[in-house]
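Here's the structure, in structure tokens; my notes come after.
Number of protein chains: 2
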Amino acid sequence: MQERPTPPARGPITADTLVVAAARLFRQRGYSATTTRQLSEVVGLQRASLYHHIRTKEDLLFEICVRSLNNIISAVRASVGDAAHPDRLPALIDTHLQLALQDQDMHATMLIELNQLSPTRRATIVAMRSEYETIIRDEIRAGQKARRLRQDLSARHLTLALLNLLNWTIFWYREDSAETPRELAQMLTTLYLHGAAAAGVDS
Amino acid sequence: MQERPTPPARGPITADTLVVAAARLFRQRGYSATTTRQLSEVVGLQRASLYHHIRTKEDLLFEICVRSLNNIISAVRASVGDAAHPDRLPALIDTHLQLALQDQDMHATMLIELNQLSPTRRATIVAMRSEYETIIRDEIRAGQKARRLRQDLSARHLTLALLNLLNWTIFWYREDSAETPRELAQMLTTLYLHGAAAAGVDS
DNA sequence: GTCTATATTAGGATAGAC
DNA sequence: GTCTATCCTAATATAGAC
């Protein structure tokens, strides 16, 4: 009797199921415009049943932000720790893109919907983001000290510009595209380090 | 009797007043989470009175998107047309940042809230965005043909990367900061063209 | 752990007086 | 051109049976 547009039935439903489904919806329609109705339809539950797994809709957003940042922070820490010094920045770029493209929905949501959180929770996420930025800035500072990176631009600017380049790529990258995340990482590494000007051109 | 948090009283209220106020709110709280109540409070009208100036809340979002894109398209077209060939890309970057930072609220809203529009209106805005991208890509292609820009990276990638760099800067630029938009433009031009690596470093 | 039924609040928008 | 009053719909969340 009820319209059931593709009920998932992918095993038992847990809080995790909801987080993943919510990330997809939040990314497509925005956090605020996504309703518990839509979420319940997607996972194949009645609205009320959602509240057995979560307390509020905001919990889902918070969990998405925490999870995406935790994942990328630990992955980037590990890959940077493993690499030899001159390869650290390329490794960082590669890992960032792998993670962000793997968890596209969660990352996009975290970047865009952060300020829909309550002040306390927003503060938590903002702190995690600056923790991540610090990892990158430290790496860039080290590069500047070792004279691998230019010193006429501030570490702050070099960091923010790199984050622009990396973070917002998920908004135009399509999974069905010919290029792999790794190829994209190589391309962006080349561009970030050496620029778009042809070799030997001074402008 | 009524709480009136800083009523504006900046001359007569027009549709334009609402667009500007809405851009500010949409940017701070998101389009969907912004209510007509909040808008009416900010401009100092009753809720019903808004509808003398606009038809729907979505009209405001649409107007914001159209206006920000029209402004930047015509400004960039003009500045690129004026400049001599090797200076065109720097001029483009400078003009883009001037405009986007001047109209921060409208630009941020346009970038983030585009998909809250109805399908028809969204299509209009998407078309305007690709028109803008085409201007940039054409400029980059010309640079590649003249061998000022590297040819081992596709014009598409060079364009998208430049847009990453330019568009998302408005999310961390603060008006009270020491640097002017022009200084920021010079910094990003240097970085985009020549990269973050120290001169003479091959990695 | 999921359901039906519902409480409660607030949303966008309209009617019609002044 | 702005107001008061209100319509109608839908939102998040809860109560309590199964």
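So the protein sequences, as listed, match chains A and B. Position 169 of the first sequence, counted from 1, bears residue number 169 in my numbering, the numbering being contiguous throughout. When you read off a place in the second sequence, starting at 1, and then add 1000, the result is the number in my numbering. Backbone N, C-alpha and C fix where the C-beta goes; we use that ideal spot for every residue, glycine too. The structure presented is a predicted model; accordingly, all values stated were derived computationally and were not measured.
Contacts of residue i in chain A (Cβ-Cβ under 7 Å)
{"i": "residue 1164 (chain B)", "result": "164, 165, 168, 169"}
{"i": "residue 1161 (chain B)", "result": "165, 188, 191"}
Cβ distance (whole Å) where residue i is taken to contact residue j below 8 Å
{"i": "residue 106 (chain A)", "j": "residue 54 (chain A)", "result": "At roughly 16 Å, the Cβ-Cβ gap does not stay under 8 Å, so residue 106 (chain A) and residue 54 (chain A) are not in contact."}
{"i": "residue 1099 (chain B)", "j": "residue 1071 (chain B)", "result": "6 Å"}
{"i": "residue 1143 (chain B)", "j": "residue 32 (chain A)", "result": "Rounded, the Cβ-Cβ distance is 41 Å, inconsistent with contact."}
{"i": "residue 1012 (chain B)", "j": "residue 1097 (chain B)", "result": "About 33 Å separates the two Cβ atoms, so there is no contact after all."}
{"i": "residue 1165 (chain B)", "j": "residue 1184 (chain B)", "result": "So it is not a contact: roughly 11 Å between Cβ atoms."}
{"i": "residue 162 (chain A)", "j": "residue 1161 (chain B)", "result": "Incorrect: roughly 11 Å between the Cβ atoms, too far for contact."}
{"i": "residue 1198 (chain B)", "j": "residue 147 (chain A)", "result": "5 Å"}
{"i": "residue 1069 (chain B)", "j": "residue 1132 (chain B)", "result": "6 Å"}
{"i": "residue 1108 (chain B)", "j": "residue 1170 (chain B)", "result": "6 Å"}
{"i": "residue 1019 (chain B)", "j": "residue 1060 (chain B)", "result": "6 Å"}
{"i": "residue 95 (chain A)", "j": "residue 66 (chain A)", "result": "So it is not a contact: roughly 19 Å between Cβ atoms."}
{"i": "residue 1196 (chain B)", "j": "residue 149 (chain A)", "result": "5 Å"}
{"i": "residue 114 (chain A)", "j": "residue 122 (chain A)", "result": "6 Å"}
{"i": "residue 62 (chain A)", "j": "residue 25 (chain A)", "result": "That pair is no contact at about 15 Å."}
{"i": "residue 21 (chain A)", "j": "residue 43 (chain A)", "result": "5 Å"}
{"i": "residue 1139 (chain B)", "j": "residue 1092 (chain B)", "result": "6 Å"}
Neighbour list for residue i in chain B, Cβ cutoff strictly below 7 Å
{"i": "residue 201 (chain A)", "result": "1148"}
Boundaries (first-last residue) of the alpha helix (DSSP H) holding residue i
{"i": "residue 1040 (chain B)", "result": "1036-1043"}
{"i": "residue 1199 (chain B)", "result": "Residue 1199 (chain B) -> no alpha helix (DSSP H), and no H or E assigned at all."}
{"i": "residue 143 (chain A)", "result": "119-145"}
{"i": "residue 1153 (chain B)", "result": "Unbroken run through residue 1153 (chain B): none, as it is neither H nor E."}
{"i": "residue 26 (chain A)", "result": "15-29"}
{"i": "residue 1048 (chain B)", "result": "1047-1050"}
{"i": "residue 105 (chain A)", "result": "104-113"}
Within chain A, partners of residue i - CB distance below 9 Å
{"i": "residue 1197 (chain B)", "result": "143, 148, 149, 150, 192, 193, 194, 195"}
Contact set between residue i and chain A, taken where Cβ atoms lie within less than 8 Å
{"i": "residue 1025 (chain B)", "result": "Those within 8 Å of residue 1025 (chain B) in chain A number zero; the least Cβ separation is about 12 Å."}
{"i": "residue 1153 (chain B)", "result": "187, 190, 191, 196"}
{"i": "residue 1158 (chain B)", "result": "191, 196"}
Interface partners of residue i on chain B, CB under 9 Å
{"i": "residue 15 (chain A)", "result": "Going along chain B, no residue has its Cβ under 9 Å from residue 15 (chain A), so there is no contact; the nearest lies around 24 Å."}
Partner residues on chain B for residue i, Cβ-Cβ distance less than 8 Å
{"i": "residue 11 (chain A)", "result": "Simply none; closest approach about 31 Å."}
Residue i: CB within 7 Å of a non-hydrogen atom of the ligand ZN
{"i": "residue 1099 (chain B)", "result": "The model on display carries no ligand, and the ligand ZN is accordingly not part of it."}
Query - chain A contacts made by the stretch 1081-1114 of chain B, where a contact means CB separation under 7 Å - result: 1086, 1112
Requested in this report: Write down every uninterrupted run of the beta strand (DSSP E) in the stretch 55-88 of chain A whose length is 3 residues or greater and which is fully enclosed by it, in chain order.
Outcome: none
Query raised in the report: At a Cβ cut of 8 Å, what residues of the stretch 171-191 of chain A count as close to chain B, listed as they run along the chain?
Result: 172, 187, 188, 190, 191
Query - Near-chain B residues of the stretch 32-54 of chain A - C-beta to any C-beta below 7 Å - result: 32, 33
Query raised in the report: Going along the stretch 58-69 of chain A in order, which residues come within less than 7 Å of chain B, judged by CB to CB distance?
Result: none
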